[in-house]
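J.: In the UniProt record's numbering, the protein residues as written are 1 to 307. We treat Cβ as the ideally placed atom computed from N, Cα and C, and that holds for glycine.
1. Excluding five sequence neighbours on each side, which residues of the same chain lie with their C-beta closer than 7 Å to the C-beta of residue 34?
2. Which residues in the same chain have their Cβ closer than 6 Å to the Cβ of residue 299, if we skip the five residues on either side of it in sequence?
3. If we count the other Cβ atoms within 10 Å of its Cβ and call it buried at 16 or more, is residue 134 buried or exposed?
4. Please name the residue in 290, 297 and 166 whose C-alpha comes closest to that of residue 278.
5. Are residue 244 and residue 265 close, meaning C-beta to C-beta below 8 Å?
6. Whose C-beta lies closer than 8 Å to the C-beta of residue 288 among residues of the same chain, with five residues either side of it excluded?
7. Identify the residues that DSSP records as bridge partners of residue 291: which are they?
8. Going straight from the alpha carbon of residue 260 to that of residue 284, what length do you get?
9. Shortest alpha-carbon distance to residue 152 belongs to which of 165, 141 and 179?
10. Closer than 7 Å by C-beta to residue 18: which residues in its own chain qualify, once you throw out the five before and the five after it? Chain order, please.
11. Measuring only the C-alpha atoms, how far is residue 29 from residue 108?
12. Going along the chain, which residues of its own chain have a beta-carbon closer than 6 Å to the beta-carbon of residue 154, five neighbours each way excluded?
13. Alpha carbon to alpha carbon, how far is residue 83 from residue 26?
14. Exposed or buried, which one is residue 75 when buried takes at least 16 other CB atoms within 10 Å?
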């Protein structure tokens, strides 16, 4: 799968397509209808307006820099007074943003370039420019592929997202998860190390880190068969049952791992400073909130705790 088409001319829409003048007759087509495809800025101006002449070049520069995520339509209020009159425009320059056919935001006066860039960035958040890959959809595809058990294919998709945006947290977490699910813990840790410190509390990042911690914890335990024998020999050996749950989770046997920890919670909630419940919560974090094992496990844990 290739998510970036370097040769796609649509990725660099011509300025003529991004910036145009409008009239009272073409306003609906140029602004209302066009804003249903991407945000449109309508710039109300006049020849005699000094601040308008200051703002327009900065506005055009910012719109071009957005590469098609937003369009600019200019209206001379002296030549076309009806629309600004209907909208209650009393001073210029006035810039109104239309999204999905409706006014969404705006500002008056010749604002600084930094403020204008921030305005456009806020307006276009989540908007995909023409010719750009839809990262959100691609990440969903990668997640679905990983859920089906094809970690290698999912890793390739996440890697291609990172080629386009090396700081994408969801892609970094997803790639690390692919490595972790394949047992490549060192690669998983190296990938997570690329996540900035300020983003380490992101739920997806924390989930992978927890999965890595649990896997490393399981490495120090004995074979599952031996742990099962210990528990069978002494059902009250909570440590053996706890270790068995950790080992079962490392094997991907989530239902059985949940069963073992719930058994400890039922018998002795206070054992090891509530250790069984805490470990189960860590499992849930590593599996993800929507995983069937998490949903069922939370339900059963709640029944035990609040019965």
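T.: If we stick to the structure as given:
1. Correct list, in chain order: 40 and 71.
2. Closer than 6 Å at Cβ, skipping near neighbours: no residue.
3. exposed
4. 297
5. Pairing residue 244 with residue 265 gives a Cβ-Cβ distance that is not under 8 Å.
6. Sequence-distant Cβ neighbours of residue 288 in its own chain, meaning closer than 8 Å and more than five residues away, are 207 and 294.
7. Under the DSSP definition of a beta bridge, residue 291 lacks any partner.
8. Distance between the alpha carbons of residue 260 and residue 284: 14 Å.
9. 179
10. 63, 64, 68, 71 and 72
11. 24 Å
12. Excluding residues within five positions, the ones whose Cβ falls inside 6 Å are 142, 145, 146 and 178.
13. 11 Å
14. buried
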